[in-house]
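As you go down the protein sequences, you meet chains A and B in turn. Sequential numbering from 1 applies to the first sequence in the UniProt record's numbering. Sequential numbering from 1 applies to the second sequence in the UniProt record's numbering. From the three backbone atoms N, C-alpha and C, an ideal C-beta is built for every residue, glycine too. Shown next, in structure tokens, is the structure this report addresses.
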Amino acid sequence: MAKSPETEHPNKAFGWAAKDKSGVLTPFHFSRRDNGDNDVTVKILYCGVCHTDLHTIKNDWGFSYYPVVPGHEIVGIATKVGKNVTKFREGDRVGVGVITGSCQSCESCNQDLENYCPQMSFTYNSIGSDGTKTYGGYSESIVVDQRFVLQFPEGLPSDSGAPLLCAGITVYSPMKYYGMTEPGKHLGVAGLGGLGHVAVKIGKAFGLKVTVISSSPSKEDEAINRLGADSFLVSSDPQKMKAAIGTMDYIIDTVSAVHALFPLLGLLKVNGKLVTLGLPEKPLELPIFPLVLGRKMVGGSDIGGMKETQEMLEFCAKHNITADIELIKMDEINTAMERLAKSDVRYRFVIDVANSLSPP
Amino acid sequence: MQRLGEKYQSVEAFGWAARDSSGHLSPFVFSRRETGEEEVRVKVLYCGVCHSDLHCLKNEWHSSIYPLVPGHEIVGEVTEIGRKVSKFSIGDKIGVGCIVDSCRACESCREDQENYCTKSVATYNGVHYDGTVNYGGYSDHIVVDERYAVKIPHTLPLASAAPLLCAGISMYSPMKYFGLAGPGKHIGIVGLGGLGHIGVRFAKAFGSKVTVVSSTAGKSKDALEIFGADGFLVSTDEDQMQAAMGTMDGIIDTVSASHPILPLIGLLKPSGKLVLLGATEKPFDLHAFSLILGRKSIAGSAIGGIKETQEMINFAAEHGIKAEIETISMEYVNTAMDRLAKGDVRYRFVIDIANTLTVTRS
Numbered sequence: 001m002a003k004s005p006e007t008e009h010p011n012k013a014f015g016w017a018a019k020d021k022s023g024v025l026t027p028f029h030f031s032r033r034d035n036g037d038n039d040v041t042v043k044i045l046y047c048g049v050c051h052t053d054l055h056t057i058k059n060d061w062g063f064s065y066y067p068v069v070p071g072h073e074i075v076g077i078a079t080k081v082g083k084n085v086t087k088f089r090e091g092d093r094v095g096v097g098v099i100t101g102s103c104q105s106c107e108s109c110n111q112d113l114e115n116y117c118p119q120m121s122f123t124y125n126s127i128g129s130d131g132t133k134t135y136g137g138y139s140e141s142i143v144v145d146q147r148f149v150l151q152f153p154e155g156l157p158s159d160s161g162a163p164l165l166c167a168g169i170t171v172y173s174p175m176k177y178y179g180m181t182e183p184g185k186h187l188g189v190a191g192l193g194g195l196g197h198v199a200v201k202i203g204k205a206f207g208l209k210v211t212v213i214s215s216s217p218s219k220e221d222e223a224i225n226r227l228g229a230d231s232f233l234v235s236s237d238p239q240k241m242k243a244a245i246g247t248m249d250y251i252i253d254t255v256s257a258v259h260a261l262f263p264l265l266g267l268l269k270v271n272g273k274l275v276t277l278g279l280p281e282k283p284l285e286l287p288i289f290p291l292v293l294g295r296k297m298v299g300g301s302d303i304g305g306m307k308e309t310q311e312m313l314e315f316c317a318k319h320n321i322t323a324d325i326e327l328i329k330m331d332e333i334n335t336a337m338e339r340l341a342k343s344d345v346r347y348r349f350v351i352d353v354a355n356s357l358s359p360p
Numbered sequence: 001m002q003r004l005g006e007k008y009q010s011v012e013a014f015g016w017a018a019r020d021s022s023g024h025l026s027p028f029v030f031s032r033r034e035t036g037e038e039e040v041r042v043k044v045l046y047c048g049v050c051h052s053d054l055h056c057l058k059n060e061w062h063s064s065i066y067p068l069v070p071g072h073e074i075v076g077e078v079t080e081i082g083r084k085v086s087k088f089s090i091g092d093k094i095g096v097g098c099i100v101d102s103c104r105a106c107e108s109c110r111e112d113q114e115n116y117c118t119k120s121v122a123t124y125n126g127v128h129y130d131g132t133v134n135y136g137g138y139s140d141h142i143v144v145d146e147r148y149a150v151k152i153p154h155t156l157p158l159a160s161a162a163p164l165l166c167a168g169i170s171m172y173s174p175m176k177y178f179g180l181a182g183p184g185k186h187i188g189i190v191g192l193g194g195l196g197h198i199g200v201r202f203a204k205a206f207g208s209k210v211t212v213v214s215s216t217a218g219k220s221k222d223a224l225e226i227f228g229a230d231g232f233l234v235s236t237d238e239d240q241m242q243a244a245m246g247t248m249d250g251i252i253d254t255v256s257a258s259h260p261i262l263p264l265i266g267l268l269k270p271s272g273k274l275v276l277l278g279a280t281e282k283p284f285d286l287h288a289f290s291l292i293l294g295r296k297s298i299a300g301s302a303i304g305g306i307k308e309t310q311e312m313i314n315f316a317a318e319h320g321i322k323a324e325i326e327t328i329s330m331e332y333v334n335t336a337m338d339r340l341a342k343g344d345v346r347y348r349f350v351i352d353i354a355n356t357l358t359v360t361r362s
């Protein structure tokens with residue numbers, strides 16, 4: 001007889017899950033594995049709410065396996081470490097991000113790019129290396145292979161640092177890989193949400209000039225005065241967009257809905273690079289002339305490897321970069337999801353798991 | 001009445017031009033300017049027939065100025081030099097490619113990337129800074145600023161060197177810039193035509209592994225036996241394409257018509273790059289997932305700068321790389337255009353201008 005989530009593993013676990021594509025989250029009893037020789041058990045303090053969590057609970061991408069316990073921006077305390085674990089000790093403050101498994105032997109894994117391993121498994125809604133479904137950070141605790149656990153640097157707050165584990169690495173990794181870090185160069189950040197606002201801060205820390213490109217004029221004050229952007233470009237203003245043609249070296253495009261690439265490509269200088277990070281449900285239109293006539297590039301990127309995620313956390317600790325968050329209780333999550341769907345958050349919800357997740 | 005492009009200049013010239021978008025070429029008497037201080041006058045020996053010539057003759061890009069004398073794969077001999085010319089001497093064999101001038105001041109020009117200067121001037125159908133229309137290499141001679149011409153080493157046969165000036169540099173430049181050239185790299189080349197076949201030769205000379213991706217199964221023999229490709233994929237064969245997924249570091253796509261790129265993105269390894277050379281008006285469908293899951297990228301590229309073109313010519317001379325050509329007479333050019341439209345050429349027509357362009361007056 002098939003095992004239920006509650007009996008699958010030896011240790012009782014508790015969290016909140018969506019049971020169907022209504023996406024409504026409710027208390028959920030399940031179970032977690034024993035702490036193996038290579039594992040770290042993490043008591044969860046905080047968990048960020050990523051837009052991917054919303055997409056997954058609503059089955060927007062068509063591969064959700066209910067019940068889904070979301071959450072992949074996890075900060076907590078190591079309560080157990082297996083006998084082969086060398087990097088962590090009990091009591092350490094640690095983070096768990098988007099992935100918790102990979103083959104650990106392919107070319108990508110050997111290059112510390114576990115995020116591109118064809119057998120990579122996600123922190124939630126995935127089949128882990130032991131063949132069982134993974135459940136994420138909207139829960140009391142999680143058991144993770146040490147390779148996928150991060151040391152949370154001193155000085156980096158647990159609550160506002162949590163979103164760095166997905167949003168942070170998602171913008172940091174392509175900025176490094178595509179060479180978008182030369183001081184004095186001009187970075188455009190399209191979309192000012194969870195990813196966008198962190199991209200502004202990281203861009204400034206790299207010494208770049210940063211322009212936020214947004215369809216909402218109301219965000220200008222915050223972009224410049226609160227986040228430190230150098231300028232703000234309203235994408236729906238044709239005159240302003242025209243004046244900015246050919247002025248940017250790089251663009252980080254965080255917009256998740258379907259949107260036009262042509263105006264963004266026009267903003268790039270010759271040899272300019274645009275990185276697209278959003279995952280729209282339908283294809284985007286890619287105009288070819290701007291690419292050919294200006295040797296411009298459109299690239300993708302998907303989170304980052306474990307080594308560079310650690311590097312990103314150190315970088316953010318050093319430059320005092322944290323996310324701008326709204327702390328919520330576990331039982332406020334459904335309201336938060338509704339607000340997130342309307343982009344009504346500045347700029348990331350973080351669940352105060354330890355203080356508000358109480359098993360009945 | 002003088003129309004744009006027909007301003008009388010001091011030196012009579014002769015070539016073949018199309019008068020309208022039928023693209024039909026016929027004899028044309030026109031004129032060229034005096035040789036300027038920094039210019040050279042070049043007797044045209046050979047001129048390659050590029051697919052762009054055909055697009056332009058038919059006004060497919062809606063910017064053709066008639067009468068139109070095409071030709072931007074020009075190889076010729078210097079017959080006159082301006083008093084400040086230092087790069088060339090009379091008698092030198094030189095090449096002229098797609099551009100004959102640029103602003104010389106912008107960042108692109110200063111970085112020897114004149115091909116990306118927004119004010120670059122095309123060899124034909126472009127407007128010179130004095131307001132006259134440029135006529136290309138399907139003509140008896142051309143006048144050009146020395147900065148925009150390259151020397152052809154004597155070891156390169158002239159006729160088969162001509163296509164290097166557009167097709168050659170169009171493939172060489174992105175291979176170098178995008179880091180696809182060299183041992184250990186696996187390059188896919190999509191389309192085995194004028195550009196593709198030269199690309200295979202360059203890639204092999206770089207030491208890269210090369211797979212040709214083509215919709216024409218019949219080209220497999222040439223790809224493998226004449227050009228030295230390591231593999232050949234029929235793009236319409238789903239099984240073959242599936243088996244090759246995730247195997248290429250980069251792909252140079254020479255196909256100019258609209259076509260699906262998702263299967264090509266699938267051929268790339270993680271961090272792989274797809275470089276598009278054919279500019280189509282209709283946008284492509286981009287599935288963001290396909291780039292994100294694997295950190296892949298798509299870029300464009302257009303010919304190359306002059307310095308790089310010289311470097312490419314020298315590289316070709318060193319490695320014995322030439323185009324595979326069908327030499328034709330000037331009279332055959334209209335038939336050649338019809339055949340080119342059907343892809344019926346192995347793999348570039350080159351007009352033997354010196355021996356077959358005879359001056360006639362109507």
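Between the Cα of residue i and those of the options, spot the shortest distance and give me the residue it belongs to.
i	options	result
ILE142/A	PRO157/A, ILE325/A and TYR124/A	TYR124/A
LYS269/A	LEU284/A, VAL275/A and GLY246/A	GLY246/A
ARG33/B	GLY91/B, CYS47/B, TYR116/B and VAL133/B	VAL133/B
LEU327/A	ALA162/A, GLU8/A, LEU156/A and ASP37/A	ALA162/A
VAL69/B	SER258/B, ALA205/B and CYS50/B	CYS50/B
LEU357/A	ASP145/A, LYS21/A, ASP324/A and ASP331/A	ASP331/A
GLU8/A	ILE224/A, THR134/A, VAL212/A and VAL292/A	THR134/A
PRO67/B	ILE90/B, PHE28/B and CYS47/B	PHE28/B
ASP53/A	LYS43/A, GLY76/A, ALA336/A and ALA260/A	ALA336/A
ALA161/B	ALA316/B, ASN334/B, ASP344/B and TYR116/B	ALA316/B
GLY352/A	PHE30/A, LYS43/A, GLY23/A and LYS21/A	The displayed chain sequence assigns Asp, not Gly, to residue 352/A. Cα-wise, what sits closest to ASP352/A is LYS43/A.
Kindly list, in the order they appear in chain A, the residues whose Cβ is closer than 7 Å to that of residue i.
i	result
ALA299/B	LEU291, ARG295, LYS296 and MET297
SER108/B	VAL270
PHE289/B	LEU279
For the alpha helix (DSSP H) that contains residue i, what are its first and last residues?
i	result
ARG110/B	107-110
THR335/A	333-341
SER290/B	288-292
residue 364/B	This structure cannot speak to residue 364/B, because chain B is shown only from 1 to 362.
PHE30/B	From DSSP, PHE30/B is part of no alpha helix (DSSP H) but of the beta strand (DSSP E) over 25-32.
LYS3/A	Run containing LYS3/A: none; DSSP gives neither H nor E here.
Using a C-beta to C-beta distance shorter than 8 Å, which residues of chain A count as neighbours of residue i?
i	result
ILE292/B	THR276, LEU277, LEU279, GLY300, SER301 and ASP302
ALA243/B	Within chain A, no residue comes near ALA243/B; the closest Cβ sits about 15 Å away, beyond 8 Å.
LEU276/B	ILE288, LEU291 and VAL292
What does DSSP give as the partner residue(s) for residue i in the beta ladder?
i	result
THR30/A	Note on identity: in this sequence residue 30/A is Phe, with Thr being the wrong assignment. Bridge partners of PHE30/A: ALA13/A.
TYR250/A	LEU187/A and LYS273/A
ARG348/A	ILE325/A
LEU192/B	Answer is none; LEU192/B lacks a bridge partner.
ILE152/B	Per DSSP, none; premise fails for ILE152/B.
VAL200/A	According to DSSP, which records beta bridges pairwise, VAL200/A is partnered with nothing at all.
residue 371/B	A question about residue 371/B goes unanswered here, because the residues of chain B that appear run from 1 up to 362.
What are the boundary residues of the beta strand (DSSP E) that residue i is part of?
i	result
ARG348/B	348-352
GLY48/A	39-49
LYS209/A	209-214
GLY300/B	297-300
ALA13/B	11-18
ILE328/B	325-328
ILE169/A	From DSSP, ILE169/A is part of no beta strand (DSSP E) but of the alpha helix (DSSP H) over 167-177.
Output, in chain order, the set of chain B residues within a Cβ distance shorter than 7 Å of residue i.
i	result
TYR116/A	PRO270, GLY294 and ARG295
Residues of chain A with CB under 9 Å from residue i, in chain order?
i	result
TYR116/B	VAL270, ASN271, LEU293, GLY294 and ARG295
THR280/B	ILE288 and PHE289
ALA302/B	VAL292, LEU293, GLY294 and ARG295
Mind listing the chain B neighbours of residue i? Cutoff is C-beta to C-beta under 8 Å, in chain order.
i	result
GLU285/A	PRO283, PHE284, ASP285 and LEU286
SER108/A	PRO270
Quick one: list the residues of chain B neighbouring residue i, beta-carbon separation under 9 Å, in chain order.
i	result
TYR177/A	SER271 and ARG295
LEU113/A	PRO270, SER271 and ARG295
**OP:** Within the stretch 66-142 of chain A, note down every full beta strand (DSSP E) run reaching 3 residues or more, in order along the chain.
**Re:** 74-81, 93-96 and 99-101
Within the stretch 262-323 of chain A, note down every full alpha helix (DSSP H) run reaching 4 residues or more, in order along the chain. 262-267, 289-294 and 306-318
Whole alpha helix (DSSP H) elements within the stretch 218-270 of chain B, 4-residue minimum: 238-243 and 262-267
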